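Enquirer: In the numbering used here, the protein residues as written are 84 to 203. One structure is given below, represented as structure tokens, and several questions about it will come after.
Take a look at the structure:
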């Protein structure tokens, strides 16, 4: 059994699960969509639809092992944006609060970088 192949497959499945479910929740859950719309981004409706499309689309590509290196790039941008817009404000409450609230974002960003570096 090729262990590194199995680990990469599990990483792909985990990353795909998080992004596909996140995109679907933004699409079907009005409260979550409203939170996104209140972030103060320009063209909030367009940005919401773009993020939904990228999360579901790129997550699906990663799930099926298609264009993984390319699909990871917009997701990295989404995660960096999420950190800046929604998690950095927690630094005002201290480093521990920031670490707690940003844990999923940091883990996903790390796994996206691992995927990017693993595919040629």
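No residue lacks a Cβ here, since even glycine has one placed at the ideal position from N, Cα and C. Because the structure is a prediction, the values reported are computed rather than measured.
State the start and end residues of the unbroken alpha helix (DSSP H) segment that holds residue 199.
Expert: Along the chain shown, read from residue 1 onward, the residue named residue 199 stands at position 116. Unbroken alpha helix (DSSP H) run through residue 199: 186-201.
Enquirer: Quick check: the region 140-156 against the region 175-189, are there 3 or more CB pairs under 8 Å?
Expert: At 8 Å Cβ cutoff, the stretches do not touch.
Enquirer: If we count the other Cβ atoms within 10 Å of its Cβ and call it buried at 16 or more, is residue 149 buried or exposed?
Expert: Within the chain shown, residue 149 is the residue found at index 66, counting from 1. Residue 149 should be labelled exposed.
Enquirer: In three-state DSSP terms, what is residue 183?
Expert: Numbered from its first residue, the chain shown carries residue 183 at position 100. Residue 183 falls in the helix class under three-state DSSP.
Enquirer: Would you call the region 122-138 and the region 182-201 in contact, with 3 or more CB pairs under 8 Å?
Expert: Because the criterion of three Cβ pairs below 8 Å is not met, the region 122-138 and the region 182-201 do not touch.
Enquirer: If you pair each beta-carbon of the region 89-99 with each one of the region 135-146, do three or more pairs fall below 8 Å?
Expert: At 8 Å Cβ cutoff, the stretches touch.
Enquirer: If you compare alpha carbons, which of 162, 115, 116 and 117 is closest to residue 195?
Expert: Here residue 195 corresponds to residue number 112 of the chain shown, with the count starting at 1. Residue 195 has its Cα closest to that of 162, out of 162, 115, 116 and 117.
Enquirer: Less than 9 Å separating the beta-carbons of residue 159 and residue 202?
Expert: For this step, residue 159 is matched to residue 76 along the chain shown. For this step, residue 202 is matched to residue 119 along the chain shown. Contact: no.
Enquirer: Check for me: the alpha helix (DSSP H) holding residue 169 runs from which residue to which?
Expert: Along the chain shown, one-based indexing puts residue 169 at 86. Taken as a continuous stretch (DSSP letters only), residue 169 belongs to no alpha helix (DSSP H), as it is neither H nor E.
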